[in-house]
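Residue numbers (the working numbering): 11 to 414.
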């Protein structure tokens, strides 16, 4: 039976409660909302989707797209010159674009992220992984997130873009400052930190792109500057988007995956006994704990979706984390099943804005878990893990481990 959108004050209350729920029970809150109203039309006209079918349909619908309202709202209190720099640059990226602009921008870099090309990066990912595991082995006890999960995807995407090695250490604190701007719970201080980090990073990439014009290399940034018709803002925003988006999902995936293995030794034992299960495990980590929990779309043209008549400018919220645990799509959705097939989760979204780096994220995670479990016969918690705060992004701020 096709789900129809409903307006319900009790269900709307469940939605707002879910947005304020401590992370320990967030999936229980999503379940209660999904059971009450998998398609909810709120009093302010927002369509909130928590069922799989509704989320999948919305993400693929051509009448829905990306809007830049978030930028305007988030940076309304930031100094004018900094706000204008951020909104003009980030707003020029494919993250906030719709066809045909999105198609034009994505086409410039999409061939670098196809399954075939990503497979060719396996050597780079393996070398970077092994180097970080060497440092982890030397330390014995370390924060897995800070020492490995955060650094690996940054190093790989920096290799792909052609960012000089000597520049990368400066990026770590900046990227940490930039990682939460899409979260509805971001604080004024965090937003100010994001604005300052964005200004520095935009300036850096503008300078680096100019350097690539003078000294071309075999990298993605050199390919960008070789294209006619791209503005400086478009080039800088694409570079910044690839760099920023190139680490966030993988960092959260690696942390959540290892946390799941540490919490249930039987899961870790299963992967040690049969490493061929690792690709399936990666998909289950993605489904069970999606790094990006919520995605949103803006209505671009009048449309009726799940019985709700929507007008341009209205917002559709897709709760990916709830959709991924919809029992109508996934049997025993709260259980990790490394042999689950099919496993068509929505953790990389769907449709026009399907995650460009999905194949790279999968490759990084598969190699990371394979090498990690092969390298260390023993991986144990060294201290209680610490959840990162926020609703839109889910992961671990700290995951101390002892390896041996």
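Quick reminder that beta carbons are idealized off the backbone N, C-alpha and C, glycines included.
Looking at the DSSP output, residue 319 shares a beta bridge with 314. Minimum Cα-Cα distance from residue 368 among the listed residues 292, 385, 31 corresponds to 292. For residue 40, the CB contacts under 8 Å within the same chain, skipping 5 residues up- and downstream, are 28, 60, 329, 331, 332, 335 in chain order.
The DSSP assignment places 198-224, 230-235 as complete runs of the alpha helix (DSSP H) inside the stretch 196-242, in order along the chain (cut-off: 4 residues).
Taking the Cα of residue 278 as reference, the smallest distance to any Cα among 311, 318, 76, 379 is reached at 379. CA-to-CA, the gap between residue 187 and residue 200 works out to about 7 Å. Selection 295, 324, 162 evaluated against residue 74 yields 324 as nearest (Cα-Cα).
Under DSSP, residue 58 forms a beta bridge with 50, 327.
Rounded to the nearest whole angstrom, the CA to CA distance from residue 204 to residue 364 is 25 Å. DSSP places residue 401 outside both helix and strand once states are collapsed to three, so it counts as coil.
Partner residues in the beta bridge of residue 389, as assigned by DSSP, are 413.
When secondary structure is reduced to three states using DSSP, residue 107 falls in the coil class, being assigned neither helix nor strand. In terms of Cα proximity to residue 152, the closest of 141, 355, 26, 392 is 392. The beta carbon of residue 182 sits closer than 8 Å to those of 160, 161, 164, all from its chain and outside the five residues before and after it, given in chain order. If you check the CB distance, residue 69 and residue 361 come in under 8 Å. Judged by DSSP secondary structure, residue 307 falls within the beta strand (DSSP E) whose first and last residues are 304-309. Boundaries of the beta strand (DSSP E) harbouring residue 407: 406-408, taken from the DSSP string.
In this structure, DSSP gives residue 356 a state outside helix and strand, which the three-state scheme calls coil.
Bridge pairing for residue 153: 410 [DSSP].
Annotation: the continuous alpha helix (DSSP H) that includes residue 181 extends over 181-188. Taking a cut-off of 8 Å on C-beta distances, the stretch 19-26 does not touch the stretch 304-323, as fewer than three cross pairs fall below it. Relative to the Cα of residue 373, the nearest Cα in the group 320, 260, 353 belongs to 260.
In the structure shown, residue 16 adopts extended strand secondary structure according to DSSP, grouped into three states.
A distance below 8 Å separates the beta carbons of residue 253 and residue 167. Taking every protein chain shown into account, the CB of residue 175 has fewer than 16 other CB atoms within 10 angstroms, so this residue is exposed. The beta carbon of residue 219 sits closer than 8 Å to the beta carbons of 231, 234, 235, 242, 245, 246, 249 from its chain, once the five residues preceding and following it are set aside; these are given in chain order. Look at residue 75 here: in three-state DSSP terms it is strand.
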